[in-house]
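Asks: First residue of the sequence shown: 50, per my numbering; consecutive thereafter.
Let me give you the structure first, and then I'll get to my questions.
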Amino acid sequence: MGKLTFGMMTSLDGYINDADGKFDWGQISEEVHRFAEKEQANAGTTIYGRRMFETMAVWDTLAEDPSVHPFERDFSVIWRNTDKIVVSRSLSEVTTTRTRLVRALSADDIGKLKAESAKDLIVAGPTLAASYLKQGLIDEVSIYYIPVVVGGGTPMFQGIDATVRLERLDARAFGNGVTFVRYAVRKRA
50 MGKLTFGMMT SLDGYINDAD GKFDWGQISE EVHRFAEKEQ ANAGTTIYGR
100 RMFETMAVWD TLAEDPSVHP FERDFSVIWR NTDKIVVSRS LSEVTTTRTR
150 LVRALSADDI GKLKAESAKD LIVAGPTLAA SYLKQGLIDE VSIYYIPVVV
200 GGGTPMFQGI DATVRLERLD ARAFGNGVTF VRYAVRKRA
């Protein structure tokens, strides 16, 4: 049985992008990228909201670009080889490798995916993750803290209106100042 995990990169003040919707302040060194590759390789399926999927879809063809760094090429191959589910009411089709489009994934659907999966599942995108976190479906939260304060943008935990207790499982500091922390979600009594 797989776990459902939520992982994101965020500024120290909790935003996944700045007020202009940009993420060019992210410090994604090769060391951080290689670590993220291993995290992605441990997943059998990644569940995307529409906006995060549209951001990540570039990885479907990046391996074919000779100008990219080898670590980016490696991540592209891993991304292409991971099953992807896109949850969207507005998209009419998806054309990336190993990707299917659904209008919704209920708590029962998530439970079935977890029960049938030998590998973990990742949910990517703050809106979808907030919904699943509120429903008690997420088992772990992984955060890459980027050492920058951006002052506004899209909050990582948008729409969470209840206390969710976490327990630290793992932490790692990278040479470029990024800190990774993995938390278990403590189930509500």
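No residue lacks a Cβ here, since even glycine has one placed at the ideal position from N, Cα and C.
Can you find the residues in the same chain that come closer than 6 Å, C-beta to C-beta, to residue 178, ignoring five residues on each side of it along the sequence?
Replies: Excluding positions up to five away in sequence, the list reads 55, 172.
Asks: How should residue 66 be labelled, buried or exposed, when 16 other C-beta atoms within 10 angstroms of its C-beta is the threshold for buried?
Replies: It counts as buried.
Asks: Distance check for residue 58 and residue 192, CA to CA, integer angstroms please.
Replies: If I take the Cα positions, the gap works out to 6 Å.
Asks: Please confirm whether residue 206 and residue 219 have their CB atoms less than 9 Å apart.
Replies: No.
Asks: Would you list, in sequence order, the uninterrupted beta strand (DSSP E) runs of no fewer than 3 residues that lie entirely inside the segment 144–207?
Replies: You should have 148–151, 169–173, 189–195.
Asks: Starting from residue 123, trace the alpha helix (DSSP H) both ways and give me its first and last residue.
Replies: Where residue 123 is concerned, the enclosing alpha helix (DSSP H) stretches over 119–129.
Asks: Determine the contact status of residue 156 and residue 182, defining contact as a CB-CB distance below 9 Å.
Replies: Not closer than 9 Å, so no.
Asks: Roughly how many whole angstroms lie between the Cα atoms of residue 133 and residue 110?
Replies: So the two alpha carbons sit approximately 15 Å from each other.
Asks: Closer than 7 Å by C-beta to residue 125: which residues in its own chain qualify, once you throw out the five before and the five after it? Chain order, please.
Replies: Hits under 7 Å: 108, 111, 112.
Asks: Check whether the segment 158–175 touches the segment 89–109, counting contact only when three or more Cβ pairs, one atom from each stretch, lie closer than 8 Å.
Replies: A contact exists between the segment 158–175 and the segment 89–109.
Asks: Taking all protein chains shown into account, do 16 or more other C-beta atoms lie within 10 angstroms of the C-beta of residue 201, making it buried, or fewer, making it exposed?
Replies: Answer is exposed; the Cβ neighbour count stays below 16.
Asks: Less than 8 Å between the CB of residue 51 and some heavy atom of the ligand GTP, yes or no?
Replies: No copy of the ligand GTP appears in this structure; indeed no ligand is present at all.
Asks: Give me the Cβ distance between residue 189 and residue 231, rounded to the nearest whole Å; I'm assuming they're in contact under 8 Å.
Replies: Confirmed, about 6 Å.
Asks: Residue 226 bridges to which residues according to DSSP?
Replies: Answer is none; residue 226 lacks a bridge partner.
Asks: Can you name, in chain order, every residue of its own chain whose Cβ lies under 6 Å from the Cβ of residue 196, other than the five neighbours on each side?
Replies: Hits under 6 Å: 226.
Asks: I need the DSSP call for residue 72, collapsed to helix, strand or coil.
Replies: Correct three-state label for residue 72: coil.
Asks: For residue 68, which residues of its own chain have a beta-carbon under 8 Å away from its beta-carbon, when the five flanking residues on both sides are left out?
Replies: Only 199, 200, 201, 202 meet the Cβ criterion.
Asks: Please classify residue 104: does DSSP put it in a helix, a strand, or coil?
Replies: Residue state, collapsed to three classes: helix.
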